[in-house]
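I have placed the structure first, in the form of structure tokens, so that the comments after it can refer back to it.
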Amino acid sequence: MVKKYLMTPGPTPVPAAVACAQAADMISHRGREFHELFQYVSTTLREFIGTTREVYLLTGSGTSAMEAAVANVMSPGEKALVVRSGHFGNRWAEILKAYGVMVRAVDVEWGRAVNPKLVAERLAEDTAGEIRAVFVTFVDTSTGVVQNIEEIGGIVAETNALLVVDAVSGLGAMDYRMDEWNVDVTLSASQKSFMAPPGIAFISMSSKAWKVCERAKCPRYYLDLRKYRQWAEKFETPCTPAVSTLRALGKSLELMMEEGLANIYSRHEKMARATRAAVTALALRLFPLNPANVLTIIRPPDEIGADELRDHIARNYGVTLGGGQAQLKNRVVRIAHMGSVGPFDVITAISALEGALADKGFVVELGAGVAAAEEIFKET
Ligand code: PMP
């Protein structure tokens, strides 16, 4: 038997207490116990999103909340500006097109952050104010890049357009301030930094977005947020939610509040720094230029395919790492450090990487990466 370690950028490892919460007896989604759970989850999520607004709980993966965002603030034939900086930026464009929205794109080289000035220029060119919303990804998990939402928010707030942010990656592990940064719609999901199984997505909207929502003409039924707003007054959802996943998320949030937001964020910063130091010590190339703290993306040596390396690590060391997506397929390996991660997770992943490179005949000093990570962990 090879002991398994999950180090993919979602789903992430689920702590035992969270898994146990999911296994508890089923409860009615129209009863008092559920009302308490709903209230706890939706109000606690506000702290991570950085909003005083209501947070709505959807049953679905992160993409369902992306789709909800589009369906609730856009009308067919309207224009939207998409920052296309990775696989999930492309997804914004695809969903918008599916709803009949005209997509204008700011295309960004994968691995780089968008220069917010480009967004400002595109909005300034739009003198008729036809661009109704700007769609951005906080951390595009395919490139590992974090975008400067604060600066983009300041720019979009000067216009009538809305700022919609996919924070499926990064939220819960990195500082995020929806209200302060002038974000109109923020969405995320349960299975990454929130350490819960997949199945719950959530979304919050500013009053500017709600005004648009009232007159938006995209078809919507299951994802009609006006219904979620009505039902939230009773601490319920319009349809039967994934009750067990919600219980798991409730437990995760308890653990996260015990640790405290500042401590969670600094832990992730340390894991990221240690992982980057380790791969640099192994003379591996980092992919993104301004990496987020939730994952480290590396380019393996040219002589070996990234997927071959990943597969070797999974089979022989039990460590599952993420692969490249779309244009990065078979070119990069993604080491996640989001959610329930500590120093020994990083050390395990790095040690497996060193071993696999040596197995494949590359000259590596065994322990060099681990030592570099340990140096970071030794810092107080
Ligand atoms: N956005 C980002 C940045 C993501 O990383 C993901 C999932 N990897 C999604 C959206 C889509 O989420 P899901 O797979 O939960 O639908």
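The sequence shown begins at 2 in our numbering and counts up one residue at a time. Quick reminder that beta carbons are idealized off the backbone N, C-alpha and C, glycines included. Since this is a predicted model, take the numbers as computed values, not measurements.
Is DSSP giving G324 helix, strand or coil here? strand
Report yes if the C-beta distance between V1 and L97 is below 8 Å; otherwise report no. Absent from the model: residue 1. The displayed extent of the chain is 2 to 381, so no value can be given.
Backbone CA spacing between R54 and N291 [nearest angstrom]: Rounded to whole angstroms, R54 to N291 spans 30 Å at the Cα level.
3 or more residues per run - each beta strand (DSSP E) lying fully within the stretch 34-62: 56-60
Between G51 and E260, is the Cβ-Cβ spacing less than 8 Å? No, Cβ-Cβ distance for G51 and E260 is not below 8 Å.
Contact belief for Y100 with F139 at Cβ below 8 Å, rounded distance in angstroms: No, Y100 and F139 are not in contact; Cβ-Cβ is about 22 Å, not under 8 Å.
Own chain residues within Cβ distance below 7 Å of A359, not counting five before or after: V365 and L367
Which of the three DSSP states is assigned to M67 in this structure? Of the three classes helix, strand and coil, the one that applies to M67 here is helix, per DSSP.
Just to confirm, is the Cβ distance from A307 to G323 under 8 Å? no
Might you give, ordered along the chain, the residues of its own chain that have their beta carbon closer than 8 Å to the beta carbon of A282, omitting 5 neighbours on each side? A369, G370, A372 and A373
Is the closest heavy atom of the ligand PMP to the C-beta of T246 under 7 Å? no
Quick check: does the Cβ of S170 come within less than 7 Å of any heavy atom belonging to the ligand PMP? yes
Quick check: L82 and I132, are their CB atoms within less than 8 Å of each other? yes
For Y177, does the three-state DSSP call read helix, strand or coil? coil
DSSP three-state call for L250: helix, strand or coil? helix
Span of the beta strand (DSSP E), counted from its first residue to its last, around D108: D108: member of the beta strand (DSSP E) spanning M103 to D108, first to last residue.
Straight-line CA distance for L59 to T238? 8 Å
Distance between K209 and A357 (C-alpha atoms, nearest Å): 52 Å
Assuming contact is defined by CB atoms lying nearer than 8 Å, are I377 and A278 in contact in what I supplied? yes
V74 - DSSP class collapsed to helix/strand/coil: helix
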